[in-house]
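Its first residue numbered 5, the sequence shown is counted upward by one per residue in our numbering.
Ideal Cβ placement from N, Cα and C applies to all residues, glycine included.
Below: one structure, written as structure tokens.
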Amino acid sequence: MRIKVIVNPNSGRHIIQRNLERIIGQLLLDGTASQVDVYRTQKDGDTPADVAAIDAAGYDLLLGCGGDGTFNEIVNGMMLNGAETPLAMLPAGTVNDFAYALRLPTDADKFCAMVRAGNYRRIDVGRANDKYFVNVASFGMFTDVAHKTDPDFKSVLGRAAYYLQGMRDIPEQLFTSIGVSVKSPVKNIDCRCYLCLIANSASVGSVRRLMHSADVSDGLFDVLLVQKRPMMPPAAVKYRNLTMNDLQRNSDEEQVFIYFQTPSIDIDCKEQQRVELDLDGEFSGYLPLSVQVVPRAVKLLVPPAPPEPPTIIKLRGL
5 MRIKVIVNPN SGRHIIQRNL ERIIGQLLLD GTASQVDVYR TQKDGDTPAD VAAIDAAGYD
65 LLLGCGGDGT FNEIVNGMML NGAETPLAML PAGTVNDFAY ALRLPTDADK FCAMVRAGNY
125 RRIDVGRAND KYFVNVASFG MFTDVAHKTD PDFKSVLGRA AYYLQGMRDI PEQLFTSIGV
185 SVKSPVKNID CRCYLCLIAN SASVGSVRRL MHSADVSDGL FDVLLVQKRP MMPPAAVKYR
245 NLTMNDLQRN SDEEQVFIYF QTPSIDIDCK EQQRVELDLD GEFSGYLPLS VQVVPRAVKL
305 LVPPAPPEPP TIIKLRGL
């Protein structure tokens with residue numbers, strides 16, 4: 005097996021990157037890999053062009069090491085190139101939402117076992133305007149925290165760096181709402197909102213089960229809008245305490261939280277506001293936003309499924 009490794013040396017968790025050397029060594033020693041070529045990114049934005057330039061037919065596996073942003077750049081390059089090469093991701097970022105949702109291992113032995121097993125899952129990818137995303141497209145309250153946080157703080161403090169940046173931004177964002185027009189095959193909504201999340205997996209913003217119906221291979225996005233309601237300050241919105249009742253009660257006009265699934269969505273700003281867009285933790289322009297699912301676009305290596313528990317049959321009298 006010929007493996008192309010793409011590693012972001014600036015990703016937050018350097019201890020995981022040290023595991024990468026052990027992984028490469030194990031795969032070469034046991035004969036799983038016959039050749040391993042390593043490329044280290046130089047700066048943000050390099051990766052898509054570099055991946056697109058790879059002769060996909062020359063490698064049997066792309067192995068990425070980094071966070072959600074690195075994953076995003078690799079997939080953008082694969083989509084540009086039309087690559088069918090399977091991808092394995094070693095999570096080394098600060099949050100790693102998508103990797104968490106799919107239980108991708110960071111332990112060297114478990115990661116090597118995943119590569120040897122060769123089990124892959126075809127995952128959906130989102131196309132947002134002229135870019136692609138893997139996990140989430142978003143705008144509104146605190147969605148810019150990831151790309152505003154100093155990389156050095158992320159390296160030292162990990163996820164806590166995001167919380168500190170969010171606290172710093174509270175005065176600016178506390179009472180900021182956005183007038184939007186939302187159109188999709190499922191719902192059309194005109195409202196003022198504090199936050200919009202368009203997610204591929206259940207894990208978003210380190211909230212691990214926020215999108216309770218999400219499936220990365222179902223051809224659908226899970227959309228969550230947090231509406232501005234009369235007499236409801238945004239500080240009262242507790243995302244970590246969302247319940248099914250919160251997401252399903254009453255009509256769209258009465259709800260604070262609007263949650264639905266759709267294969268595509270178009271969102272425009274109804275006012276003269278420059279509303280920043282975030283794709284997988286990276287700044288990606290401004291509204292308007294047009295998003296479509298690209299179904300089952302990437303072959304992603306995933307851990308082998310756990311064995312089924314044995315069936316126990318009880319006989320009467322025993």
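Please report the straight-line C-alpha distance between residue i and residue j, rounded to a whole angstrom.
i	j	result
L32	P308	21 Å
N100	D284	10 Å
N123	F264	31 Å
R26	A112	7 Å
L293	G29	44 Å
M118	R300	20 Å
V279	N204	21 Å
S38	I7	8 Å
M145	T36	46 Å
With H, G and I counted as helix, E and B as strand and the rest as coil, what does DSSP make of residue i?
i	result
G29	helix
V190	coil
D34	coil
Q177	For Q177, the pLDDT reaches just 49, beneath the cut-off of 50, and the residue's location in the model is therefore unreliable, although a value from the coordinates is still provided. Q177 falls in the helix class under three-state DSSP.
V211	strand
K114	helix
R107	coil
L161	Because L161 carries a pLDDT of 38, less than 50, the predicted location of this residue cannot be relied on, and the following value inherits that uncertainty. L161: helix per DSSP, three-state reduction.
L364	With the chain covering only 5 through 322, there is no way to say anything about residue 364.
D196	The residue asked about is misnamed: residue 196 is Arg in this sequence, not Asp. Looking at R196 - three-state DSSP - the assignment turns out to be strand.
R233	coil
Compute the distance between the beta-carbons of residue i and residue j, then report whether it is under 8 Å.
i	j	result
V230	V260	yes
V184	K114	no
D349	M215	Residue 349 lies beyond the stretch modelled for the chain, which goes from 5 to 322, so this question has no answer here.
V9	V42	yes
Y104	S207	yes
A96	Q21	yes
S188	T89	no
L94	C69	yes
I271	V186	yes
L91	L304	yes
Starting from residue i and walking both ways along the alpha helix (DSSP H), at which residues does that stretch end?
i	result
G73	D72 to N85
Would you grab the beta carbon distance between residue i and residue j for me? Rounded to a whole angstrom, and I think it's under 8 Å.
i	j	result
N85	V55	7 Å
With a threshold of 8 Å between beta carbons, is residue i in contact with chain C?
i	result
V119	This model lacks chain C altogether, as it is built from one protein chain only.
Can you tell me where the beta strand (DSSP E) with residue i in it begins and where it stops?
i	result
R126	Y124 to A132
S205	S205 -> no beta strand (DSSP E), and no H or E assigned at all.
Y63	It is not in any beta strand (DSSP E) - Y63 carries neither H nor E in the DSSP assignment.
P267	Taken as a continuous stretch (DSSP letters only), P267 belongs to no beta strand (DSSP E), as it is neither H nor E.
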